[in-house]
Amino acid sequence: MKAPRPGTSLLLLLPALAAIGPAARAGEASPFSETVVVTATLAPEEESQIGSAVTVIPRERLVETGCATVLEALRLVPGLDVVRAGGDGAVTSVFLHGAASAGALVLVDGVRVNSPYFGGFDFGSLGTDAVERIEIVRGPFSALYGSDALGGVVQIFTRAPSSEGRAEATIEAGNADRSAGTLFATAGVGPVAIAASARGASSGGDRPNADWRSWSGSLRAAVRATERISLALEAAVLDAESGIPGPVGGETPSARGASREERVALPVSWRRPGGRESSFLAATTRSVLDYRNPDDPWLAESDSVASSEQARWTETWRAGTHDLAAFADWESVEATSSTSAGLALDRDSSRSWGIGAQDSLGLPRDVRLTVGLRYDRHSAFDGTWSPRATVSRLVSGGRLKIRASSGRAFRAPSIGELYYPWSGNPDLEPERSTTHEIGLERYVGRGRAELSLFRSDFRDLIVYDFATQRNENVGLARARGMELAWTGPVGRRLTLEAGYALLDAVDRRTGDALPRRPRHRAHVAATVKPRPGLVGTLRATWVGERQDVDALTFEPVSAPSHLRLDLFARGGFARYSPYLRIENLTDRGYEEADGYPAPGRRFAAGLDVRL
Numbered sequence: 139m140k141a142p143r144p145g146t147s148l149l150l151l152l153p154a155l156a157a158i159g160p161a162a163r164a165g166e167a168s169p170f171s172e173t174v175v176v177t178a179t180l181a182p183e184e185e186s187q188i189g190s191a192v193t194v195i196p197r198e199r200l201v202e203t204g205c206a207t208v209l210e211a212l213r214l215v216p217g218l219d220v221v222r223a224g225g226d227g228a229v230t231s232v233f234l235h236g237a238a239s240a241g242a243l244v245l246v247d248g249v250r251v252n253s254p255y256f257g258g259f260d261f262g263s264l265g266t267d268a269v270e271r272i273e274i275v276r277g278p279f280s281a282l283y284g285s286d287a288l289g290g291v292v293q294i295f296t297r298a299p300s301s302e303g304r305a306e307a308t309i310e311a312g313n314a315d316r317s318a319g320t321l322f323a324t325a326g327v328g329p330v331a332i333a334a335s336a337r338g339a340s341s342g343g344d345r346p347n348a349d350w351r352s353w354s355g356s357l358r359a360a361v362r363a364t365e366r367i368s369l370a371l372e373a374a375v376l377d378a379e380s381g382i383p384g385p386v387g388g389e390t391p392s393a394r395g396a397s398r399e400e401r402v403a404l405p406v407s408w409r410r411p412g413g414r415e416s417s418f419l420a421a422t423t424r425s426v427l428d429y430r431n432p433d434d435p436w437l438a439e440s441d442s443v444a445s446s447e448q449a450r451w452t453e454t455w456r457a458g459t460h461d462l463a464a465f466a467d468w469e470s471v472e473a474t475s476s477t478s479a480g481l482a483l484d485r486d487s488s489r490s491w492g493i494g495a496q497d498s499l500g501l502p503r504d505v506r507l508t509v510g511l512r513y514d515r516h517s518a519f520d521g522t523w524s525p526r527a528t529v530s531r532l533v534s535g536g537r538l539k540i541r542a543s544s545g546r547a548f549r550a551p552s553i554g555e556l557y558y559p560w561s562g563n564p565d566l567e568p569e570r571s572t573t574h575e576i577g578l579e580r581y582v583g584r585g586r587a588e589l590s591l592f593r594s595d596f597r598d599l600i601v602y603d604f605a606t607q608r609n610e611n612v613g614l615a616r617a618r619g620m621e622l623a624w625t626g627p628v629g630r631r632l633t634l635e636a637g638y639a640l641l642d643a644v645d646r647r648t649g650d651a652l653p654r655r656p657r658h659r660a661h662v663a664a665t666v667k668p669r670p671g672l673v674g675t676l677r678a679t680w681v682g683e684r685q686d687v688d689a690l691t692f693e694p695v696s697a698p699s700h701l702r703l704d705l706f707a708r709g710g711f712a713r714y715s716p717y718l719r720i721e722n723l724t725d726r727g728y729e730e731a732d733g734y735p736a737p738g739r740r741f742a743a744g745l746d747v748r749l
């Protein structure tokens with residue numbers, strides 16, 4: 139089956155989307171028009187005005203669906219694939235719009251958290267206890283954020299402090315020695331408010347040496363110095379330790395791994411007369427990884443420390459129908475790594491800076507045009523330009539949005555790709571992509587139907603070249619696809635999230651499908667509220683057949699499709715809310731990464747207490 143041509147498919151589906159909900163009143167306002175998104179334009183903007191594909195997961199939805207981890211929440215995002223290499227706490231990657239996992243930029247309250255060592259971000263142990271909402275924007279976003287945003291951006295916003303004191307605590311236990319507990323509290327006096335969170339979780343796993351435990355904590359102190367000036371101090375830590383069972387047939391019963399992620403940020407913002415707003419963010423991150431395997435004569439141990447220092451300045455203001463933004467940022471990253479064979483990286487570093495501007499212009503007939511351009515300079519290569527443009531128009535009384543976008547993005551080579559012994563190449567150029575997308579969004583009552591068609595061309599991909607025995611810019615790839623989704627209520631007591639994605643992602647050098655990108659993927663989450671305080675959610679995730687790499691031989695293999703069902707039920711009684719969570723309800727055996735079986739049926743009972 140060939141991937142659809144964007145223009146043909148759009149023409150075929152336009153009448154169907156336009157006909158959805160004929161009984162909806164033309165003048166009825168859509169709740170999605172009141173959804174404010176920050177990630178797509180740097181400034182708060184209503185979703186109905188944005189010309190990009192956007193998904194917002196509010197905290198209310200995280201609670202209703204029982205998503206205790208961010209990775210479970212992301213499984214319900216159109217055009218995003220989650221791959222976990224095994225059980226609880228195992229390395230977890232995401233693939234956006236067909237790009238590699240290192241091509242998804244991850245932000246936490248505006249701070250870049252992608253690993254400077256080998257790129258990407260591991261979602262394996264990240265909980266939702268401190269999450270207020272998650273914004274996912276799909277498409278090239280280097281025009282706003284610089285490196286890494288080839289396929290899109292995942293931004294996690296944490297819960298803000300409140301002057302009204304309150305606290306929440308959760309405790310749960312289940313099979314496979316699974317247990318977890320969370321705490322969130324906030325209070326304030328005068329202009330100062332503080333929020334703190336903590337989470338501990340552990341699991342025994344399904345396989346020998348597959349146990350896992352993690353602990354995380356965060357603290358956010360916000361100060362409103364004046365009516366116009368506010369600042370905050372944010373600190374967070376995530377500590378995890380686990381056994382590493384290895385792939386089936388290549389077990390590693392003695393291997394252990396540990397990781398620690400630290401983040402400190404100082405955001406400052408002030409509003410000026412005339413609607414002008416300035417913001418400054420300074421942050422530092424630190425990542426520590428340890429590996430031990432006394433049974434391995436070649437790699438008995440490995441230790442690495444990677445850190446980054448970041449600073450960003452943003453100005454936003456309005457001039458007539460123009461919403462303008464100008465920004466500049468700087469980042470310095472450093473990595474040190476050693477193995478049982480000796481020192482691999484010795485405080486190797488790179489630096490980069492970027493400047494850019496964006497204009498979002500309101501035009502007659504409910505048309506919104508956004509144009510942005512950014513220039514980046516990196517210590518390892520010459521400068522690069524990243525343009526981007528989007529256009530959207532509301533028709534049918536604001537019930538239908540037509541949008542289109544186009545842009546270029548890049549990913550700078552990581553410290554490991556540049557300088558790691560036996561593979562590093564200091565002459566690497568950045569990976570680059572060009573993406574075009576068109577879409578329709580139909581607002582029906584309080585729901586939204588969405589269709590997106592896109593094509594991305596990737597070049598200068600960094601791959602290991604066996605001829606030269608080092609990393610080279612020789613990769614070429616193409617991704618094109620269709621994403622169809624519905625989000626919103628269906629009737630008085632039922633809320634439905636459903637999506638289907640068709641993806642054709644190929645290596646243009648060989649013609650083979652890119653690994654771990656399923657051609658077909660679908661999800662459904664049905665939430666029922668039979669009475670106030672009682673909620674139940676049934677989730678189904680289906681992942682089609684896909685290309686992978688054999689965990690033992692490294693030869694190409696075809697991974698079979700799988701269907702996973704999850705169930706969550708929650709009751710509310712005054713301050714107490716007991717709940718039940720069952721993951722992999724049918725105890726289906728499957729693998730998201732070849733050689734690493736996913737957990738069997740998991741059930742846990744818990745209690746949420748609000749003070």
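Here my numbering = 1-based position in the sequence shown + 138. For every residue, glycine included, the Cβ atom is placed at its ideal position computed from N, Cα and C. Values in this document were obtained by computation on a predicted structure and should not be read as measured data.
Please report the distance separating the alpha-carbon of Ser487 from that of Arg570. Residue 487 sits at position 349 when you count from the first residue of the sequence shown. Residue 570 sits at position 432 when you count from the first residue of the sequence shown. The straight-line gap from Cα to Cα measures roughly 22 Å.
Check the C-beta distance from Arg450 over to Leu483 and give it rounded, since I have them as a contact under 8 Å. The residue labelled residue 450 in the question sits at position 312 within the sequence shown. The residue labelled residue 483 in the question sits at position 345 within the sequence shown. Actually they are not in contact, since the Cβ atoms of Arg450 and Leu483 sit about 26 Å apart, beyond 8 Å.
With three or more C-beta pairs closer than 8 Å as the rule, is the region 726-739 touching the region 333-350? yes
Need the endpoints of the alpha helix (DSSP H) that Thr203 sits in, please. As a first step, residue 203 must be located in the sequence shown, where it is residue number 65. Per DSSP, Thr203 belongs to the alpha helix (DSSP H) from 197-203.
Alpha helix (DSSP H) segment containing Ile367, residue limits: Translated into the one-based positions of the sequence shown, residue 367 becomes position 229. Looking at the DSSP string, Ile367 is not in any alpha helix (DSSP H); the run it does join, the beta strand (DSSP E), is 367-381.
What is the DSSP secondary structure of Ile309, counted as helix, strand or coil? Against the sequence shown, residue 309 aligns to sequence position 171. Strand at Ile309.
If I follow the unbroken alpha helix (DSSP H) through Gly554, where does it start and stop? The residue you call residue 554 lines up with position 416 of the sequence shown. Here the alpha helix (DSSP H) through Gly554 covers 553-557.
Bridge partners of Ala359, per DSSP? The sequence position of residue 359 within the sequence shown is 221, counting from 1. The partner list for Ala359 (beta bridge, DSSP) reads Ile332, Leu371.
Shortest alpha-carbon distance to Gly649 belongs to which of Glu198, Asp349, Ala617, Asp377? Within the sequence shown, numbered from 1, the residue matching residue 649 stands at position 511. Selected option, being the one with the closest Cα: Ala617.
Taking the CB atoms as reference points, tell me whether Leu376 and Ser263 lie closer together than 8 Å. Here residue 376 refers to the residue found at position 238 when the sequence shown is read from its first residue. Here residue 263 refers to the residue found at position 125 when the sequence shown is read from its first residue. Cβ distance < 8 Å, so Leu376 and Ser263 count as in contact.
Does DSSP put Gln607 in a helix, a strand or coil? Counted from its first residue, the sequence shown places residue 607 at position 469. Looking at Gln607 - three-state DSSP - the assignment turns out to be coil, as it is neither helix nor strand.
Suppose you measure from the CA of Ala211 to the CA of Gly458; what does that come to, to the nearest Å? Translated into positions along the sequence shown, residue 211 becomes position 73. Translated into positions along the sequence shown, residue 458 becomes position 320. Distance between the alpha carbons of Ala211 and Gly458 is about 39 Å.
Determine contact between the region 206-223 and the region 532-552, defined as no fewer than three beta-carbon pairs at a distance below 8 Å. no
Report yes if the C-beta distance between Val291 and Leu245 is below 8 Å; otherwise report no. As a first step, residue 291 is located in the sequence shown; it is residue number 153 there, counting from the start. As a first step, residue 245 is located in the sequence shown; it is residue number 107 there, counting from the start. Closer than 8 Å, so yes.
Can you determine whether any heavy atom of the ligand FMN sits closer than 7 Å to the C-beta of Ala378, and answer yes or no? The ligand content of the structure shown is nil, which means the ligand FMN is not present either.
With three or more C-beta pairs closer than 8 Å as the rule, is the region 377-390 touching the region 247-259? no
Leaving aside the five residues before and after Ala318 along the sequence, list all residues of the same chain whose C-beta is less than 6 Å from its C-beta, in chain order. Working through the sequence shown from its first residue, we reach residue 318 at position 180. Closer than 6 Å at Cβ, skipping near neighbours: Glu310, Ala339.
Does the separation of the CB atoms of Lys707 and Gly744 fall below 8 Å? What you label residue 707 is simply residue 569 of the sequence shown in a count that begins at 1. What you label residue 744 is simply residue 606 of the sequence shown in a count that begins at 1. It should be noted that the sequence gives Ala, not Lys, for residue 707. No; because the gap between Cβ atoms is not below 8 Å, this pair is not in contact.
In the DSSP assignment, the beta strand (DSSP E) including Glu302 goes from what residue to what residue? Locating residue 302 in the sequence shown gives position 164, where the first residue counts as 1. Where Glu302 is concerned, there is no enclosing beta strand (DSSP E), given that its DSSP letter is neither H nor E.
Can you tell me whether Asp688 is buried or exposed? The criterion is at least 16 other CB atoms within 10 Å of its CB, across all chains shown. What you label residue 688 is simply residue 550 of the sequence shown in a count that begins at 1. Exposed.
So the candidates are Leu690, Arg719, Arg748; which of them puts its Cα closest to the Cα of Phe711? Position 573 of the sequence shown, counting from 1, holds the residue named residue 711. Taking only the C-alpha atoms, the option nearest Phe711 is Arg748.
Nearest-angstrom Cα distance between Gly733 and Thr691? Along the sequence shown, read from residue 1 onward, the residue named residue 733 stands at position 595. Along the sequence shown, read from residue 1 onward, the residue named residue 691 stands at position 553. Taking the straight line from one Cα to the other gives about 11 Å.
Pull up the CB-CB distance for Ser285 and Phe592, whole angstroms please, since I reckon it's below 8 Å. The residue labelled residue 285 in the question sits at position 147 within the sequence shown. The residue labelled residue 592 in the question sits at position 454 within the sequence shown. With a Cβ gap of about 21 Å, Ser285 and Phe592 do not count as contacting.
Does the Cβ-Cβ distance between Leu282 and Ala237 come in under 8 Å? As a first step, residue 282 is located in the sequence shown; it is residue number 144 there, counting from the start. As a first step, residue 237 is located in the sequence shown; it is residue number 99 there, counting from the start. In this structure, Ala237 does not lie closer than 8 Å to Leu282 by Cβ.
With a Cβ-Cβ cutoff of 8 Å, do Arg506 and Ser524 count as a contact? As a working note, residue 506 is residue 368 in the sequence shown. As a working note, residue 524 is residue 386 in the sequence shown. The answer is no: Cβ separation not under 8 Å.
Quick check: the Cα distance between Gly387 and Asp725, rounded to an integer number of angstroms? Along the sequence shown, read from residue 1 onward, the residue named residue 387 stands at position 249. Along the sequence shown, read from residue 1 onward, the residue named residue 725 stands at position 587. Near 22 Å, if we compare the C-alpha coordinates of Asp725 and Gly387.
How long is the line joining the alpha carbons of Ile720 and Ile493, rounded to whole angstroms? Position 582 of the sequence shown, counted from the first residue, corresponds to residue 720. Position 355 of the sequence shown, counted from the first residue, corresponds to residue 493. Spanning the two alpha carbons is a distance of roughly 47 Å.
Pairwise C-alpha distance: Ala325 and Thr423: Taking the first residue of the sequence shown as 1, we reach residue 423 at position 285. Taking the first residue of the sequence shown as 1, we reach residue 325 at position 187. Answer to the nearest angstrom: the Cα atoms are 26 Å apart.
Grouping DSSP H, G and I as helix and E and B as strand, with all else coil, what is Glu166? Here residue 166 refers to the residue found at position 28 when the sequence shown is read from its first residue. Because the pLDDT of Glu166 is 38, which lies under 50, any placement of that residue in the model is unreliable, and the number read from its coordinates should be weighed accordingly. DSSP places Glu166 in coil when its eight states are reduced to three.
Are the region 224-243 and the region 606-626 touching by the rule of at least three beta carbon pairs closer than 8 Å? yes
Where does Val402 fall in DSSP's three states? Taking the sequence shown and counting its residues from 1, one reaches residue 402 at position 264. Reduced to three states, the DSSP call for Val402 is strand.
Would you kindly work out how many angstroms separate the C-alpha atoms of Asp603 and Ala370, rounded to a whole number? By one-based count along the sequence shown, residue 603 stands at place 465. By one-based count along the sequence shown, residue 370 stands at place 232. Each residue's alpha carbon lies about 46 Å from the other.
I'd like to confirm the pairing. Which residues does DSSP put opposite Arg430 in its beta bridges? Start at 1 with the first residue of the sequence shown, and residue 430 comes out as number 292. According to DSSP, which records beta bridges pairwise, Arg430 is partnered with Arg394, Glu439.
Beta-carbon proximity of Arg750 to Leu641, cut-off 8 Å: What is shown of the chain runs 139 to 749, which leaves residue 750 out entirely.
Do you know whose CA, among Gly204, Val426, Ser354, lies nearest Ser440's CA? As a working note, residue 440 is residue 302 in the sequence shown. Among Gly204, Val426, Ser354, the Cα nearest to that of Ser440 is on Val426.
For the candidate residues Val201, Thr203, Pro278, Arg409, whose alpha-carbon lies nearest to that of Gly510? In the sequence shown, the residue the question calls residue 510 occupies position 372. Ranking the options by Cα distance to Gly510, first place goes to Pro278.
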